[in-house]
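Notes follow once the structure below has been shown.
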Amino acid sequence: MEFISHSVLETASFAKDFLEKLADRGKASSATVVGLYGNLGAGKTTFTQCLAKELGIMETITSPTFVIEKIYPLKHSPSTVFPQGCSTTSPQSSPQFKLPFTQLIHIDAYRLEKGAELAVLGFEKLLNDPKNLILIEWPERVADIMPKDHFRLKFEFVDENTRIMELEN
Ligand SMILES: Nc1ncnc2c1ncn2[C@@H]1O[C@H](COP(=O)(O)OP(=O)(O)O)[C@@H](O)[C@H]1O
Ligand SMILES: [Mg+2]
C-alpha cells in the first residue's frame, strides 16, 4: 500500500487510515508495534503527531530524540477516533471506530546502538501489554528487539511538500 502525500493534512489522513487498519487488532496478545523507517525529514515525527491528534492527544508531540521514549495516555479508553478528527471532537458525535489502546508510546532510537538500550527503559513490559500502541523511529538501530510481526511504515522524501509512505507486511 503506497500513499503519496502532498501536505501534512494528507499525511494526517493517511495516519487515520492506518489507525483504522488497527481497529481489528482487539484480540492481539501483545502491544502493536510500528517501525517508522526513513531518513531525517522524511516525516516520521509528523506522522506520529498526526496519529496522536486523531487519538485525541492534546499534548504537543515533540521528537523524543533526546529523551528516547515518551508515553501519552489516551483520553478515551478504549481509544476512539471521531469522524471529524480530534480537534473538533464533540461529546455528541458518535465514534468512527474504536481501538484497544490506552497508551501511545513514541520512541526515537536514533541515538541508540542496540536493543539492549531500550530494554533498560522497560521495553519488554511495554511490549507485553496489548493496550499499548508503540511507534518507533529509526527501528533499524534496535532491529534485534523489534518483534517479527511489527508494522513496517516506510517514509520517503520526494520534494518540499511531497512524501511517499508505504505500509509493508
Ligand atoms: N506531505 C508531508 N507530510 C509530512 N511532513 C511534511 C510534508 N510536507 C512537508 N513536511 C514537513 O517535513 C518535515 C518532516 O519532519 P519530521 O516529521 O520531523 O521528519 P523525521 O521525523 O522523519 O525526521 C516537517 O517539517 C513537515 O512539516
Ligand atoms: Mg523524527
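Here the working numbering = 1-based position in the sequence shown + 2.
Heads up, the beta-carbon is just placed ideally off N, CA and C, and yes, glycines get one too.
Given the structure is predicted, the values throughout are model-derived calculations rather than measurements.
request  = Count the other CB atoms, across all protein chains shown, that sit within 10 Å of the CB of H108; report buried if there are 16 or more and exposed otherwise.
outcome  = buried
For ligand 2, residues whose Cβ lies under 7 Å from any non-hydrogen atom = K46, T47, S65, T67, D110, E139
ask   = Nearest CA to the CA of E22: which residue from V69, L53, S31?
value = L53
query = Can you list, in chain order, the residues of its chain whose CB lies under 8 Å from that of P112, leaving out five sequence neighbours each side?
reply = Per the sequence shown, the amino acid found at residue 112 is Tyr instead of Pro. Cβ neighbours of Y112 beyond the five flanking positions: T67, E139, W140, R143.
key: Nearest residue (CA-CA) to F20, options N130, P132, K100   = K100
inquiry  = In whole angstroms, give me the CA-to-CA distance for N130 and P149.
reply    = 11 Å
query = Can you give the Cα-Cα distance for V69 and G37, rounded to whole angstroms?
reply = 18 Å
inquiry  = In whole angstroms, give me the CA-to-CA distance for E158 and A44.
reply    = 5 Å
key: DSSP-derived helix/strand/coil call for L11   = helix
query = If you measure from the CB of G43, is any heavy atom of ligand 1 nearer than 8 Å?
reply = yes
message = So the candidates are T64, F153, K72, F49; which of them puts its Cα closest to the Cα of I166?
response = F49
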